[in-house]
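Engineer: Residue numbers (our numbering): 1 to 417.
Glycine is no exception: its CB is placed at the ideal position from the N, C-alpha and C atoms.
Fair warning: this is a prediction, and the values are worked out from it, not measured in the lab.
The structure follows.
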C-alpha cells in the first residue's frame with residue numbers, strides 16, 4: 001500500500017499544477033454588423049489589455065473563388081470562405097481585380113491587429129462591378145480570426161452613391177493599438193470628395209474618432225506615426241476659380257482626431273500671390289507683405305487665371321492693386337517716402353482707359369484726403385464712397401466661388417491691423 005501511494009503521489013501533484021495553469025475556454029461573439037457609425041466624440045484613449053493571439057487557418061494554394069452574382073453580403077461571405085479555406089489574405093487584391101471589384105482609390109486590403117487581440121484582422125474594400133452609378137456603390141468588410149476560423153467582425157456600407165478608399169492603419173490616439181483609417185468617396189457633377197474616417201476598437205465595437213468636417217476634394221492621404229496628412233488640389237469645377245495645393249493635418253487632441261493645421265502650398269497664380277500679401281499685412285508680417293506685393297509686380301513665373309479678363313489685363317490690374325497696397329503699407333510703417341513713391345508710380349503707369357485705372361483713381365482720392373486730414377481712418381472712409389470701388393471689387397471677386405470674397409472695407413481698411 002505504501003508503495004502504491006509513492007507511485008501515485010507524483011501524478012496527483014502534476015494534476016494540481018495543471019489545474020492551476022489551465023484556464024477554462026471562453027467564447028466570444030462578433031459584434032453585429034453596423035451599417036453606419038455615429039460620429040460621437042470618444043473618451044480619451046486607454047490602452048487595451050494584452051490578449052493571446054487567435055490562430056488563423058493555414059495558408060494553402062487554392063484557386064480564386066468565382067464572383068458572386070449578387071453584390072453585398074454574398075461578396076463578404078465568399079471572401080470569408082476563401083480565407084477560411086486557406087486563401088492568402090495578401091491575394092485578396094488580386095481576387096477583387098479579377099472580379100473587377102477593386103475600388104479605384106485605396107483598394108489594397110490591409111492586414112493589421114486593429115482589435116489588440118494579437119491576431120491580424122483583414123480589412124477589405126470592394127465595389128459593385130455591375131453598378132451603373134458613379135461612383136459605384138461599395139462596401140467595407142473586416143475579418144478576424146477566432147477559434148481557428150475567420151469571422152466577419154464588421155461590415156460597413158457608406159451608401160448607394162459612395163464607396164470606400166482604404167488609407168491604412170496607425171496608432172493615432174496613443175492607445176498602443178492601430179486605428180483603421182479610410183474614406184468614403186462621393187462625387188458631384190465636377191468633384192469627388194473623400195470624407196475621412198478613423199475607427200478605433202474599444203473592445204466590443206469600432207468607434208469613430210474624427211470630429212469636425214473631414215471632407216476634402218481629390219485628396220492624397222499620408223499616414224505618419226501620429227497624424228494624417230491630407231493634401232488636396234481643390235475642387236474640379238472651372239467656376240471654382242484658380243486653386244492652390246493645401247495640406248491639412250489631422251491628429252489626436254486628447255479626445256478626438258481633428259484638423260490641427262492647414263498649410264498652403266506655393267502660390268502658382270498671381271491672384272494667390274496677391275492674397276498672400278494681404279494675409280501677411282493683416283497678420284502684421286509687413287516684410288512678408290512687402291515681398292509678396294513686389295512678387296505680384298515683378299515675378300514673370302506667376303500664372304494668370306484669365307477667366308473673365310485677358311492675361312495682360314489681369315496682370316495690369318494686379319500690378320495696380322499691388323502698388324496701392326504698397327502705399328498703405330508705407331503709411332502703416334510710417335515710411336512716407338516709400339508710400340509716396342508707390343503712389344507716384346501708380347499714377348504714372350495707369351492712365352485713363354488702362355486696365356487697373358480705377359485703382360489709380362481710388363489711390364488719388366485717398367492721397368488727397370490723407371494729405372488734407374492726416375488720419376488714415378477718415379481718409380479711407382471718404383475713399384470708399386468713390387464710384388471706382390465697384391469696378392475694383394468686380395475684378396477681385398471674379399476668381400471663382402472657391403476663393404474668398406473681398407468687401408469694400410478690405411480695399412482700404414480704416415484701422416491699421
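I need the DSSP call for residue 180, collapsed to helix, strand or coil.
Structural biologist: In the structure shown, residue 180 sits in a strand (DSSP, three-state: E or B).
Engineer: Is it the case that the Cβ atoms of residue 217 and residue 191 are separated by a distance below 9 Å?
Structural biologist: The answer is yes: Cβ separation under 9 Å.
Engineer: Under the rule that 16 or more other beta-carbon atoms within 10 Å means buried, what is residue 94, buried or exposed?
Structural biologist: With fewer than 16 other Cβ atoms within 10 Å, it is exposed.
Engineer: Among residues of its own chain, excluding the 5 on either side of residue 220, which ones have a beta-carbon nearer than 8 Å to its beta-carbon?
Structural biologist: So the list reads 230, 231, 232, once near-sequence residues are dropped.
Engineer: Is residue 168 helix, strand or coil when you go by DSSP?
Structural biologist: If DSSP states are grouped into helix, strand and coil, residue 168 belongs with the strands.
Engineer: Could you tell me which whole alpha helix (DSSP H) segments of length 4 or greater appear in the segment 189 to 217?
Structural biologist: If we require 4 residues or more, the segment 189 to 217 turns out to have no alpha helix (DSSP H) run fully inside it.
Engineer: Can you tell me where the alpha helix (DSSP H) holding residue 153 begins and where it ends?
Structural biologist: Per DSSP, residue 153 belongs to no alpha helix (DSSP H); it is in the beta strand (DSSP E), 149 to 156.
Engineer: Below 9 Å between beta carbons: does that hold for residue 89 and residue 83?
Structural biologist: In this structure, residue 83 lies closer than 9 Å to residue 89 by Cβ.
Engineer: Between 303, 194, 289, which lies nearest to residue 472 when the distance is taken from Cα to Cα?
Structural biologist: Outside the displayed span of the chain (1 to 417) sits residue 472, for which this structure offers no information.
Engineer: Starting from residue 451, follow the alpha helix (DSSP H) in both directions and report where the run begins and ends.
Structural biologist: No answer is possible for residue 451: it lies beyond the span of the chain, which begins at 1 and ends at 417.
Engineer: On the DSSP bridge assignment, give the partners of residue 246 in chain order.
Structural biologist: Partner(s): 232, 264.
Engineer: Thinking C-alpha only, which one of 223, 189, 255, 243 is nearest residue 211?
Structural biologist: Measuring from the Cα of residue 211, the nearest candidate turns out to be 255.
Engineer: Could you say which of 73, 124, 110 lies nearest to residue 168 if we only look at CA atoms?
Structural biologist: Measuring from the Cα of residue 168, the nearest candidate turns out to be 110.
Engineer: Just how far apart, CA to CA, sit residue 371 and residue 354?
Structural biologist: Approximately 26 Å, taken between the alpha carbons.
Engineer: Starting from residue 138, follow the beta strand (DSSP E) in both directions and report where the run begins and ends.
Structural biologist: Residue 138 -> beta strand (DSSP E) spans 138 to 146.
Engineer: I want to know whether the segment 192 to 201 touches the segment 174 to 183 - three or more CB-CB distances under 8 Å.
Structural biologist: Yes: the two stretches touch, three or more of their Cβ pairs being nearer than 8 Å.
Engineer: Write down every uninterrupted run of the alpha helix (DSSP H) in the segment 313 to 373 whose length is 4 residues or greater and which is fully enclosed by it, in chain order.
Structural biologist: Counting whole runs of 4 or more residues, the segment 313 to 373 contains the alpha helix (DSSP H) stretches 336 to 349, 357 to 373.
Engineer: Between the C-alpha atoms of residue 326 and residue 172, what's the straight-line distance to the nearest angstrom?
Structural biologist: Roughly 45 Å separates the two Cα atoms.
Engineer: By the DSSP assignment, the alpha helix (DSSP H) with residue 274 in it spans what residues?
Structural biologist: From DSSP, the alpha helix (DSSP H) with residue 274 extends over 270 to 282.
Engineer: In chain order, what residues of the same chain lie with their CB nearer than 7 Å to the CB of residue 145, ignoring the 5 residues before and after it?
Structural biologist: Within the same chain, residue 145 has close Cβ partners 54, 55, 56, 119.
Engineer: According to DSSP, simplified to helix, strand and coil, what is residue 81?
Structural biologist: Looking at residue 81 - three-state DSSP - the assignment turns out to be helix.
Engineer: Report the start-end ranges of each alpha helix (DSSP H) in the segment 92 to 135 that is 4 residues or longer and not cut off at the edges.
Structural biologist: DSSP runs (the alpha helix (DSSP H)) wholly in the segment 92 to 135: 92 to 99.
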